[in-house]
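Its first residue numbered 48, the sequence shown is counted upward by one per residue in the working numbering.
Read through the structure below, which is laid out as structure tokens, and then see the notes.
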Amino acid sequence: MSSVFGLVPAVVPVVVLEDVEDAVPLAEALVAGGLTAIEVTLRTPAALEAIRTIAEAVPDAVVGAGTLLTPDHVAEAKAAGARFLVSPGWTDRLLDAMRGSGLPFLPGVSTASEALGLLERGVTDMKFFPAEAAGGTAYLRSLASPLPQARFCPTGGIDADRAPDYLALPNVGCVGGTWMLPKSALQDRDWGQVTALARKAAAITA
């Protein structure tokens with residue numbers, strides 16, 4: 048199975064879509080700014096249809112599904128056209144479903160024990176969530192030596208200022224965030240502003 052880190056760039060926007068009609072213009076704005084991978088969270092009734100619409104209408108986008116909580120979510124996300132899967136945590140049933148989907152996936156962890164549990168199951172790619180609340184760069188740095196196999200996508204509380212510090216860590220493959228999607232721009236459907244912020248985010252390096 049391929050790795051999420053080989054599929055997505057260094058910065059992945061985490062999107063909450065309330066209106067399916069916004070899915071395509073938002074995805075196009077992000078792609079135009081250089082953020083080709085888009086995680087659409089299953090936090091709204093519009094999410095699955097938004098994933099399906101983006102997958103069909105925006106071929107340059109790599110659309111994934113986030114906030115997967117159950118095996119049913121995994122099946123629904125795959126059917127909608129998601130190309131990668133992300134969960135805030137993991138259970139054995141959820142992990143088996145994600146692995147069985149055949150799609151790249153990032154199960155969530157926030158502790159060394161949770162990460163060790165995944166390593167025992169042969170999973171090395173993980174989401175670190177909620178990143179800032181769970182210890183931030185200091186915590187991830189402390190995991191690099193005892194758990195060198197683990198590689199993380201930290202998400203939660205990360206902004207343009209913090210992202211380079213995370214990306215500088217040897218065990219971080221990408222970061223997720225919403226800072227390129229300010230509420231004002233989404234409310235006003237100011238896709239030009241989204242593209243401009245996406246371009247700045249795409250230029251972030253360690």
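The beta carbon of each residue, even a glycine, is placed where N, CA and C say it ideally should be.
Just so you know, these numbers come straight off a predicted model, no measurement behind them.
Please look up how many angstroms separate the CB atoms of residue i and residue j, rounded, as I've assumed it's under 8 Å.
i: M173; j: P60; result: Their Cβ separation, rounded to whole angstroms, is 19 Å, which puts M173 and P60 out of contact at 8 Å.
i: A178; j: G220; result: So it is not a contact: roughly 13 Å between Cβ atoms.
i: F52; j: R188; result: No, F52 and R188 are not in contact; Cβ-Cβ is about 18 Å, not under 8 Å.
i: Q196; j: T171; result: 5 Å
i: A112; j: I98; result: 6 Å
i: R236; j: D69; result: 7 Å
i: S49; j: P151; result: 5 Å
Which two residues bound the contiguous beta strand (DSSP E) that contains residue i?
i: D139; result: Not the beta strand (DSSP E): D139 falls in the alpha helix (DSSP H), residues 139-147.
i: V219; result: Looking at the DSSP string, V219 is not in any beta strand (DSSP E), and its letter there is neither H nor E.
i: P60; result: 58-62
By the DSSP assignment, the alpha helix (DSSP H) with residue i in it spans what residues?
i: T100; result: 94-104
i: P229; result: Here P229 belongs to no alpha helix (DSSP H), and DSSP marks it neither H nor E.
i: V78; result: 70-79
i: V241; result: 238-249
i: A127; result: 118-127
i: A207; result: It is not in any alpha helix (DSSP H) - A207 carries neither H nor E in the DSSP assignment.
i: G183; result: 183-191
Within its chain, find whatever has a CB closer than 7 Å to the CB of residue i; leave out the 5 residues flanking it on each side and keep chain order.
i: A93; result: L64, E65, D66, V67
i: D212; result: T184
i: G81; result: A245, R246, A249
i: A162; result: V156, M173, L190, L194, A197
i: R168; result: L142
i: P201; result: F175, A178, L187, Y213, V219, V222
To which residues does DSSP link residue i through a beta bridge?
i: V51; result: None, per the DSSP bridge assignment.
i: R198; result: D172
i: A112; result: V87, L132
i: V156; result: F175
Where does residue i land, buried or exposed, given buried means 16+ other C-beta within 10 angstroms?
i: R140; result: exposed
i: R90; result: exposed
i: L73; result: buried
i: A215; result: exposed
i: P217; result: exposed
i: K230; result: exposed
i: A126; result: exposed
i: L116; result: exposed
i: S134; result: buried
i: T275; result: Because the chain spans 48 through 253 in this model, residue 275 falls outside it and cannot be assessed.
Ignore the nearest five residues each way along the sequence and tell me which others in residue i's own chain have a CB closer than 8 Å to its CB.
i: V109; result: L54, V55, T83, A84, I85, R130, F131
i: V71; result: T100, I101, A104, V105
i: P118; result: R140, L141, D143, A144
i: A159; result: L190, P193, L194
i: A122; result: A144, S148
Whose C-beta lies closer than 6 Å to the C-beta of residue i among residues of the same chain, with five residues either side of it excluded?
i: A79; result: T242
i: A181; result: S157
For chain D, is any of its Cβ atoms less than 8 Å away from the one on residue i?
i: P151; result: Here chain D cannot be found, since the structure has a single protein chain.
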